[in-house]
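According to the numbering used here, the sequence shown is numbered sequentially starting from 8. All residues carry an ideal CB built from backbone N, CA and C; glycine is no exception. As structure tokens, the structure follows; a few thoughts come after it.
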Amino acid sequence: MDIIEKRITKRHLSESELSGVNYYNCIFERIQLDNFNFRDCEFEKCRFVNCSIKNLKLNFFKLIDCEFKDCLLQGVNAADIMFPCTFSLVNCDLRFVDFISLRLQKSVFLSSRFRDCLFEETDLRKSDFTGSEFNNTEFRHSDLSHCDFSMTEGLDINPEINRILSIKIPQEAGLKILKRMGVVVVG
């Protein structure tokens with residue numbers, strides 16, 4: 008079933024499953040999804056505003072050119088999203104979200120808060136994290152080349168296990184990297 012250009016607001020769905028539904032150019036506002044299972048579903052050019060999305064199960068799930076704004080995402084394994092996977096996050100809270108083996112080049116993650124998240128074997132080249140906060144969030148074996156981490160807080164990148172060519176980072180994060188490499192900056 009295809010759902011096109013609909014505005015869906017103020018819904019709370021939990022402990023349910025949705026199968027075989029494709030959403031195109033839809034807007035979701037103030038939606039709460041808890042322990043929800045999406046099977047063989049696709050969201051394309053959709054916008055999620057002020058939504059709470061917790062503990063999703065994703066099977067044959069596609070997310071293409073979607074935007075999340077002012078949303079909470081918690082307990083989501085983004086690795087279960089099928090390729091291609093393109094989305095942006097603006098002013099979102101992410102908790103216990105795993106981004107594993109994804110191609111997210113040129114993604115936008117502006118002014119978002121990442122807590123207990125993991126980016127592993129993920130291609131983030133040319134992505135923009137400007138203004139975001141990181142708390143207990145790890146980058147492992149990921150390509151961060153040409154990423155913009157301007158005005159971020161709590162960023163800690165290990166250059167020995169990540170590709171960090173031409174990245175923009177705050178001074179504090181740069182000093183952490185140099186310290187890991189055994190370089191002491193005196194001034």
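Contact set for residue i: own chain, Cβ-Cβ below 6 Å, skip 5 residues either direction
i	result
Asp-9	Asn-29
Ile-34	Arg-14 and Arg-54
Val-97	Lys-76 and Leu-117
Glu-74	Arg-54 and Ser-95
Beta bridge counterpart(s) of residue i as assigned by DSSP
i	result
Cys-92	Leu-70
Asn-29	Asp-9 and Glu-49
Leu-127	A small correction: the amino acid at residue 127 is Glu; Leu does not occupy that position in the sequence shown. Answer by DSSP bridge pairing, in chain order: Ile-107 and Arg-147.
Thr-16	Glu-36
Arg-170	Asp-150
Asp-77	Looking at the DSSP assignment, Asp-77 forms no beta bridge with any residue, so it has no partner.
Val-115	Ser-95 and Asp-135
Leu-65	Phe-45
Val-56	Glu-36 and Lys-76
Phe-141	Phe-121
Asn-84	Asp-105
Residue from the options whose Cα sits closest to the Cα of residue i
i	options	result
Ala-85	Asp-77, Arg-102, Ser-139 and Gly-194	Arg-102
Glu-12	Ile-38, Lys-52 and Ala-180	Lys-52
Glu-24	Asp-41, Tyr-31 and Arg-37	Asp-41
Leu-79	Glu-36, Gln-112, Glu-167 and Glu-22	Glu-36
His-153	Cys-58, Arg-170 and Cys-99	Arg-170
Ser-139	His-148, Glu-145 and Phe-156	Phe-156
Phe-50	Gly-27, Gln-39 and Cys-99	Gly-27
Phe-22	Asn-32, Phe-43, Arg-147 and Ile-38	Checking the sequence, you will find Glu at residue 22 rather than Phe. The option with the nearest alpha carbon to Glu-22 is Phe-43.
Cys-92	Thr-129, Lys-61 and Cys-124	Thr-129
Asp-47	Leu-70, Phe-136, Asn-32 and Ile-38	Leu-70
C-beta neighbour in chain C for residue i, strict 8 Å
i	result
Lys-133	Protein chains in the displayed structure number just one, and chain C is not present.
7 Å CB neighbourhood of residue i in its chain, flanking five on each side removed
i	result
Lys-183	Asp-163
Where residue i falls, given that 16 or more other Cβ within 10 Å makes a residue buried
i	result
Val-83	buried
Asp-150	buried
Arg-120	buried
Ile-168	exposed
Phe-94	buried
Ile-141	At residue 141 the sequence reads Phe, which differs from the Ile that was named. It counts as buried.
Phe-126	buried
Thr-16	exposed
Ser-114	buried
Arg-132	buried
Leu-111	buried
Check: residue i C-beta below 7 Å from any heavy atom of the ligand NAP
i	result
Cys-124	You won't find the ligand NAP in this model; it holds no ligand whatsoever.
Hey, is the stretch 106–115 in contact with the stretch 49–68, meaning 3+ C-beta pairs nearer than 8 Å? no
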